[in-house]
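4 protein chains.
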Amino acid sequence: MEFKGEQPIYIQIADYIRRKILKEKWSAEERIPSIRDMAVRMEVNPNTVARAYSLLQDENIIFNKRGIGYFIQEGARSQVMERQKEEFFEDVLPELFKKMQLLGIKLGEIEDYYDEFEMSEGANEIIQ
Amino acid sequence: MEFKGEQPIYIQIADYIRRKILKEKWSAEERIPSIRDMAVRMEVNPNTVARAYSLLQDENIIFNKRGIGYFIQEGARSQVMERQKEEFFEDVLPELFKKMQLLGIKLGEIEDYYDEFEMSEGANEIIQ
Amino acid sequence: MEFKGEQPIYIQIADYIRRKILKEKWSAEERIPSIRDMAVRMEVNPNTVARAYSLLQDENIIFNKRGIGYFIQEGARSQVMERQKEEFFEDVLPELFKKMQLLGIKLGEIEDYYDEFEMSEGANEIIQ
Amino acid sequence: MEFKGEQPIYIQIADYIRRKILKEKWSAEERIPSIRDMAVRMEVNPNTVARAYSLLQDENIIFNKRGIGYFIQEGARSQVMERQKEEFFEDVLPELFKKMQLLGIKLGEIEDYYDEFEMSEGANEIIQ
DNA sequence: GTGGTCTAGACCACC
DNA sequence: GTGGTCTAGACCACA
């Protein structure tokens, strides 16, 4: 897995898992890879994975059965969905609009780009 | 000036200056406040301001006349505009669309929010 | 390490690293000394080393793995070589020729000196 | 007059005058422009010109008649010539050769460039 | 007055 | 352990 330089790796791992849940690749009660497996797979220090898991556990998205592993919480998907929607409408969008205003970008341009984006969407669907 | 915790202060100062240029409060060939003045005004260490200025100089947005001060580059505004638009359409928007797709948000919802945003725009106009 | 007074220390450190790369003492993907180690080794403040590293990172000569250290970029050597050759032929040489013209020095004199220089080259080879 | 960012302006002014002398545009006992005139012509603070003149005076290249102005010293040209040749052969050339060695540039390449340079020399001759 | 560099030392996030 | 940021304070060269 490739990481962007900007964000902490443990955050990116947590996001990766959230996406898995949102896309229903991993569902409630399902066991997720052990910290060590994940660390090997991502070529990352186990501590870093542990931190990501711990973060998700604090958010009640996964839980730990001691000695067995980590599992997806019941209702995790709707909870993640909820949170991200809230963030989207309350933080991301207003910031976006401010930037549009500053750069003199009209909503119509966004719509045009959106149509373009939908066209090429098929390719993205395949990626994990 | 108030700084957000997320980003380094020197980045926020650079952004502040970029906004000044975009809004045409500061125009080409105009002298900007000296490092020390800016530091006092922003209640920040001069080194921090120096770092912001140095960053903008590397980006050819401002330039230095030895012993005199920093000045806005010719064509700074269009260059900043250019860069930020590019970033907006190539990085921000695609990411936004991906997130919308993931959360099942349709473009129509954005448009509704945009109308709301325009209503309350008056308040933002005042904030420098 | 000894520093010349003319140039800032952080530039001289960056040059030192560029030379290491050119001479293939440090090669692609190799880790370079940590900021603190380098600072101790050069008897310099860590901030000064950090500045040099940051400069080289901006030039895509080294990169950073978070929490691990700095590494030589893939293709760093050829890139440094490229840049310095360009500078040599486009800046240094023309300036040299202008000076020769001004002082009435002929190319033959350079060649004589060059032969002399080659003789005493052995000594230089030892210096890191 | 355009100044390069790297070097102090007063040094560049001094160099300008040295070149004038080397090219015999200004000869011994000739009066050079007053500090004020030079400052206006170069769009520079008079203090800066004064510093350049003072530097040249220290080097016995110009001298001052109080209340009248600055004049070129007897023997200034040969003295400047002498100094610059010495610097050329003892500082500039060795540094050049070291760089050539580092970049793997052979003397032959210099000679080729020199021929090219001589071709286009005519244009340079016109510039002051 | 201006900016540029450097030091010392602190604190923090990340791995 | 790693680097990143920031402060305080100093010194210097330059205009």
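Residue numbers (my numbering), protein chains in the order written: chain R, 566 to 693; chain F, 566 to 693; chain X, 566 to 693; chain B, 566 to 693.
By construction, the Cβ of each residue, glycine as well, lies at the ideal position given by its N, Cα and C atoms.
Got a sec: is the Cβ-Cβ distance from R649(B) to anything in chain X below 7 Å?
-> The amino acid at residue 649(B) is misidentified as Arg; the sequence shows Gln. It does; some Cβ of chain X falls within 7 Å.
Closer than 9 Å, Cβ to any Cβ of chain B: which residues of the region 651 to 667 of chain X, in chain order?
F653, F654, V657, L658, P659, L661, F662, K663, K664, M665, Q666, L667
Original post:
Under the DSSP definition of a beta bridge, which residues are partnered with N777(F)?
Top reply: Only positions 566 to 693 of chain F appear in this structure, which leaves residue 777(F) out of reach.
Please report whether the beta-carbon of L587(F) lies at a distance below 7 Å from any beta-carbon of chain R. yes
Name the two residues that bound the continuous alpha helix (DSSP H) containing E595(R). E595(R) -> no alpha helix (DSSP H), and no H or E assigned at all.
*Using the beta-carbon count (16 or more within 10 Å), is M566(B) buried or exposed?*
exposed
Can you give the Cα-Cα distance for E594(R) and Y618(R), rounded to whole angstroms?
-> 15 Å
| query | Do I627(X) and V614(X) have their CB atoms nearer than 7 Å? | reply | no
Q) CA-CA distance, D580(F) and R631(B)? A) 53 Å
Next item on the list: Could you confirm whether any beta carbon from chain B is found closer than 7 Å to the beta carbon of F682(X)?
Entry: yes
Answer with buried or exposed for Q572(F), where buried requires no fewer than 16 other C-beta atoms within 10 angstroms of its C-beta.
-> exposed
Does the CB of Y575(B) have a neighbour CB from chain X at under 7 Å? no
* Can you tell me whether DSSP reads I692(B) as helix, strand or coil? -> Interpretation of I692(B) is limited by its pLDDT of 49, a score under 50 that renders its predicted location unreliable; the figure taken from the coordinates is listed afterwards. If DSSP states are grouped into helix, strand and coil, I692(B) belongs with coil.
- Item | K650(R) - containing alpha helix (DSSP H), residue span | 641 to 652
- Rounded C-alpha distance that separates Q622(X) from I633(X): 15 Å
When the distance is taken between beta carbons, is Y679(B) closer than 7 Å to L668(X)? no
Check your understanding: For R596(R), does the count of other Cβ atoms within 10 angstroms reach 16, so buried, or fall short, so exposed?
Key -> exposed
- Mind reading off the beta-carbon distance from I574(R) to V609(R)? Whole number of angstroms is fine, and I expect it under 8 Å. 6 Å
Against M646(B), what residues of chain X qualify as contacts under a CB-to-CB distance less than 7 Å, listed in chain order? L668
Q. In chain F, which residues lie less than 8 Å from Y581(R) when you measure between Cβ atoms?
A. Result: empty, since nearest Cβ-Cβ is about 12 Å, beyond 8 Å.
Exercise. Measure the beta-carbon distance from F682(B) to F662(X) and round it to whole angstroms, keeping in mind my assumption that it falls under 8 Å.
Key: 5 Å
Q | Collapsed DSSP secondary structure at I670(B) in the structure displayed | A | coil
Worksheet entry | C-beta contact flag for I586(F) and A641(F) at 7 Å | yes
Original post:
Whose CA, out of I578(R), E639(R), G570(R), lies closest to the CA of M603(R)?
Top reply: I578(R)
Give the straight-line distance between the Cα atoms of Q638(R) and N629(R), rounded to the nearest whole angstrom.
10 Å
Any C-beta of chain R within less than 7 Å: which residues of the region 600 to 633 of chain X qualify?
R631
**Q.** Where P573(R) falls: helix, strand or coil (DSSP)
**A.** coil
Practice prompt. Round the Cβ separation of I675(R) and L658(F) to the nearest angstrom and send it over; I've been treating them as touching at under 8 Å.
Written response: 7 Å
| said: Contact criterion: CB-CB distance below 7 Å. Does Y679(F) meet it with respect to chain R? | reply: yes
- Under a three-way DSSP split, which group does M566(B) fall into? coil
Can you tell which of N625(B), E651(B), R616(B) has the C-alpha that lies nearest to the C-alpha of K664(X)?
E651(B)
N610(R) in three-state terms, based on DSSP = coil
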